[in-house]
Amino acid sequence: MTSFLRTLRLGIGQPENRRPDLDSMSGSEGSFSRHSSIQGPYREGMTDTSFPVYCTVKSQFRAPEIYARSLLSFGSGVGLYHIEGNASRPKYHLSQGAFVGDVGYMNETGSFCYCFNLFYPSDHPIQRQILPHNFSPIHPPLSSEEVRVVSNHFAPGTIMATQGIEVSRVSDSPLQADFITSAREGAVLVLPNGATREEFVDPSRIYPYVKEHATSWYQLLNGDSDNVIERPVINGALWVVTGVDRVDSWATATFPAEKILRMKAENHIRFKYNEENSEFWEGNSQSKPLEYNAGRFSDGTRGAVLLSVLSVALSPSEWSRHVAHVPPKFVRNCPVLPAPSLGLRSRLQEALARIKGTVRPPARDDPEGYFHPSIILLHILLLTDPSAVVGVVADSVWCSQVNGVSNILYIFITRANHICSIFGHTLKLSNWYVE
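Just so we're on the same page, my numbering is the position in the sequence shown counted from 1, plus 44.
Printed below as a string of structure tokens:
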């Protein structure tokens, strides 16, 4: 993990000749008054509420969270639960799922919420009507030489199953497979026609632009410091897409099923994929995954199944000066499993859940939203270097460290706290509720 700090220093944005004893503005803030609100400047000494609280939970039944968390173990980027994406996007954008240079975030349903693309002018058909203040695209524009396209990056018939899922391929044509697992949670992604990858060759080319404009992006989504926001796009959750894996057909499955924990004492979950079945997934009502879906485009449209991203965060002081305030009671809570999904500890926790029954917290107390490893790393950067204004972390920093581990988020937080303790800080990690 210490090697992360050396690598991540490259992602810190710090204005030249910055004087820490004065109110300072990042490069994106020339049009904003540093005294534009009473609230902003005087919030600087308050406890930071822009980053989430990392909450340990015994189990989770939200399919988008389980799916996204499980697919992190492949080290291939972020898995999108809703591959079709938000239908309100411009038609140009809908045709290809996502593009290099997209700026957006993942919402609670597992969809990529597209905001704008930093490579194209405001009148291009890819852009939405509402753009950041004084928006102008990066210069020079994106050239074809800067984008690498890999056809069949995932071969037709690819089956991606997370740790602890045993896969038996029954047939290649039609594609059929059986699955059995004793893991407490996991996910399967099936790509009948494979996937094509499009990636930006040198993401560092856009770092200066990101550092200059990141504050205005968070203002676009959350409002400026004159406002208070109860459901923010949390600090570190904003992405710039640097790679996209596109598909025209797919199928996903996510477990556990709440029924299984409540009603069954057996340790295994069984289900099947059958390309000839109209619903693709087979199994009786008690052994199906909690959530499953599938889709196929026949008109040339493609969806985004995996994204590689740059995660962007502001320093707490930058946020307090220029972005809407998040009241402490509305600090976002991100769920993390404290134990592996396999092994003795996993089986003990599942047995306890069956004995005690499933206890769900009130809806208003539920953890909200998806949580990405880079948020932890950005938090480290901005805690340990108070002179920084903007932090940027590429997926490649943590993807190389995953190695198929299922509870990667808890491992990251544990190691991150060790590093932060050296600098006299601690990340917010709490046993917030237990199911």
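We put the beta carbon where it would ideally sit given N, CA and C, even for glycine.
| When the Cα atoms are used, what is the spatial distance from S293 to N130? | 17 angstroms
Am I right that T153 and Y136 are in contact with their C-beta atoms under 8 angstroms? What's the rounded C-beta distance? About 23 angstroms; that fails the 8 angstroms criterion.
Practice problem: Might you give, ordered along the chain, the residues of its own chain that have their beta carbon closer than 6 angstroms to the beta carbon of A309, omitting 5 neighbours on each side? | Solution: Legend: pLDDT at A309 = 46, less than 50; position of this residue unreliable, no value from coordinates given.
Per the contact definition of three or more C-beta pairs closer than 8 angstroms, is the stretch 357–373 in contact with the stretch 251–264?
-> yes
(request) Could you work out which residue in H312, Q140, W283 is closest to E229 when comparing CA atoms only? (result) H312
Exercise. Using three-state DSSP, classify R113 as helix, strand or coil.
Key: helix
**Asked** When burial is assigned at 16 or more other CB atoms within 10 Å of the CB, is V284 buried or exposed?
**Response** buried
Shortest alpha-carbon distance to F341 belongs to which of T298, E362, V291?
-> V291
*May I have a chain-ordered list of the alpha helix (DSSP H) segments no shorter than 4 residues that lie completely inside the stretch 156–196?*
none
Own chain residues within Cβ distance below 8 angstroms of T91, not counting five before or after
P372
- Spatial neighbours of F163 in its chain, beta-carbon cut-off 7 angstroms, leaving aside the 5 residues before and after: G145, P181, I182, P185, L186
Quick one: any contact between the stretch 230–238 and the stretch 195–207, if contact means 3 or more CB pairs under 8 angstroms? yes
Whole angstroms are fine: how far does the CA of S226 sit from the CA of D429? 43 angstroms
- Task: Assign S364 to one of two classes, buried (16 or more other C-beta atoms within 10 Å of its C-beta) or exposed (fewer than that).
- Result: buried
Self-check item: Inter-residue spacing [alpha-carbon to alpha-carbon] between I420 and S217
Solution: 43 angstroms
Is it true that the CB of G121 sits closer than 7 angstroms to the CB of S440? no
Residue range of the beta strand (DSSP E) that S215 falls in?
209–216
Worksheet entry | Inter-stretch contact at 8 angstroms, needing at least 3 Cβ pairs: the stretch 431–440 / the stretch 246–256 | yes
Practice item. Express the C-alpha separation of V288 and F315 in angstroms, rounding to a whole number. Key: 29 angstroms
_Which same chain residues end up closer than 7 angstroms to A297 when comparing Cβ atoms and leaving out the 5 residues on each side of it in sequence?_
A231, V232, F315, W325, P333, Y336
Near F374, which residues of its chain fall below 6 angstroms by C-beta distance, leaving aside the five closest residues on each side in sequence? E274
Inset, instruction - Spatial neighbours of F118 within its chain, please: CB distance less than 7 angstroms, with the 5 preceding and 5 following residues excluded, ordered by chain position. - result: M204
- [ ] Would you kindly report the start and end of the unbroken alpha helix (DSSP H) that includes L422?
- [x] 417–428
Cβ pair G123, L350 closer than 7 angstroms: yes
*Rounded to whole angstroms, how far is the Cβ of A348 from the Cβ of F179, which I believe are closer than 8 angstroms?*
At roughly 23 angstroms, the Cβ-Cβ gap does not stay under 8 angstroms, so A348 and F179 are not in contact.
For R192, which of H177, L175, E243 has the nearest alpha-carbon?
E243
task: Flag this pair as yes or no: are the beta carbons of R346 and G208 separated by less than 7 angstroms?
output: no
Quiz item: So, is N266 buried or exposed, given that buried needs 16 or more other C-beta atoms within 10 angstroms?
Solution: buried
* Measure the C-alpha to C-alpha separation of H423 and P276 and round it to an integer number of angstroms. => 17 angstroms
### Message
Using only the alpha-carbon positions, how far apart do L282 and C378 sit?
### Response
15 angstroms
Can you give the Cα-Cα distance for P176 and P134, rounded to whole angstroms? 17 angstroms
- For L124, the three-state DSSP class (helix, strand or coil): coil
CB-CB under 8 angstroms to E362, same chain, minus the five flanking residues each way: which ones, in chain order? S70, T259, V433, V434
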